[in-house]
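This report refers to the structure that appears directly beneath it.
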Amino acid sequence: MHNYILLTEKKWHIELYELLKLKIDQNWILIDNKKDFKVEKLKKIKPDKIFIPHWSYIIPSEIFDYFDCVVFHMTDLPYGRGGSPLQNLIARGHSSTKISALKVTKGIDTGDVYLKKELSLYGSAEEIFIRSTKIIFSMVEEIITGNLEPSPQKGEVVQFKRRKPAEGDISKLKSLSEVFDYIRMLDAEGYPNAFLDIGNFRLEFSRANYKSSDSVLADVRISEK
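Just so you know, the sequence shown maps onto residues 22 to 246 in my numbering.
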C-alpha cells in the first residue's frame, strides 16, 4: 500500500479526494491547511507522491527536494508559466487549454511534465475548476498506474503575471464580450469579483449571462467603498 497526499485549498477538490479514495486503492491523505503542510509531518507520512491541484503558497525546497511533488497547471506549458493561468488565458481570448501535470522544481512552472490533457474554458471560473477535477483525477490515475516518468518541457516560453484585484475593474473594457469574460473568469470562491466603481459605491458582478449580443445579464452586489 502506497501513501499519497492530495494538497489543495479549494472545497471543490474534496470530491476529487473522495473519488481518489474510492477508485485508487491506496492510502490517501488530504491536506487543506498550510499549517499541516510541514516537512516534519510529511516525513511521518512518507508519501510516495504529493499531488497538488491548487495551492496558492510557495512550496519550500525542503519539501520538493525531499518528496516527489506533482502540480497541475492550467496551461499548455511552457506557454503560460506563472500566476493566474485561468484568468490570463480567458483575458487573452482562449476558449480551451491543456492541464499540465509537472514535477515541482525551484523555478516557477519549469519542471518536467508527466502528461497533458485538454480542458474547455467554457463557463464561470468555478465551473471550469469543478470540471477540471475529473480531468485531474484521470491524470493522477494515469501517473500512478502507468508509472509515468516526466519529460522536459518543449516550446516557446511565455510568462504570465499573477493578476491583481485592481485588474478586475471593467470600466475601461471596450466590448460586451470582454465584460462577460472578465465577470466569469473571476467568478469563483476565493477570487475578487469583477467590479465597477461609481462615486462612493462599488458594484461587484457574478453569474454572468451573455446569450444576447446586445446585453450581459449578471448578479450585482453593491457596497460602499
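Ideal placement from N, C-alpha and C gives every residue a C-beta, glycine not left out.
Going by the CB atoms, is the gap between residue j and residue i shorter than 7 Å?
i	j	result
leucine 142	tryptophan 76	no
phenylalanine 216	glutamate 210	no
lysine 193	arginine 223	no
histidine 94	serine 117	no
valine 179	valine 237	no
lysine 56	tyrosine 78	no
proline 208	alanine 146	A small correction: the amino acid at residue 208 is aspartate; proline does not occupy that position in the sequence shown. Against a cut-off of 7 Å, the Cβ pair of alanine 146 and aspartate 208 comes out as a contact.
glutamate 30	aspartate 53	yes
leucine 51	threonine 154	no
valine 2	isoleucine 84	One cannot answer for residue 2 here, as it falls past the ends of the chain, which runs 22 to 246.
proline 74	isoleucine 26	no
glycine 189	proline 213	yes
lysine 62	aspartate 89	no
proline 99	glutamine 174	yes
For the alpha helix (DSSP H) that contains residue i, what are its first and last residues?
i	result
serine 153	146-166
glycine 65	The sequence given here places lysine at residue 65; glycine does not occur at that position. Taken as a continuous stretch (DSSP letters only), the alpha helix (DSSP H) holding lysine 65 covers 60-66.
phenylalanine 85	82-85
isoleucine 204	197-206
Name the one or two DSSP bridge partners that residue i has.
i	result
aspartate 103	Note that residue 103 corresponds to glycine in the displayed sequence, not to aspartate. For glycine 103, which the question treats as bridged, DSSP gives the partners Phe181.
histidine 253	Coverage of the chain is limited to positions 22 through 246, which leaves residue 253 absent and any answer about it impossible.
asparagine 230	Leu238
glutamate 225	Phe216 and Arg242
phenylalanine 72	Leu27 and Val91
aspartate 190	Phe216
Could you pull the start and end residues of the beta strand (DSSP E) that residue i belongs to?
i	result
leucine 123	117-124
glutamate 245	236-245
lysine 137	134-141
aspartate 218	215-219
threonine 29	24-29
lysine 175	Neither: lysine 175 is in no beta strand (DSSP E) and is coded neither H nor E.
isoleucine 50	48-52
Decide yes or no for the touch test of the region 143-160 against the region 170-190: beta carbon pairs closer than 8 Å, at least 3 of them.
Counting Cβ pairs under 8 Å, fewer than three are found: no touch.
Counting beta carbon pairs with one atom in the region 131-138 and one in the region 38-48, are three or more of them shorter than 8 Å?
no
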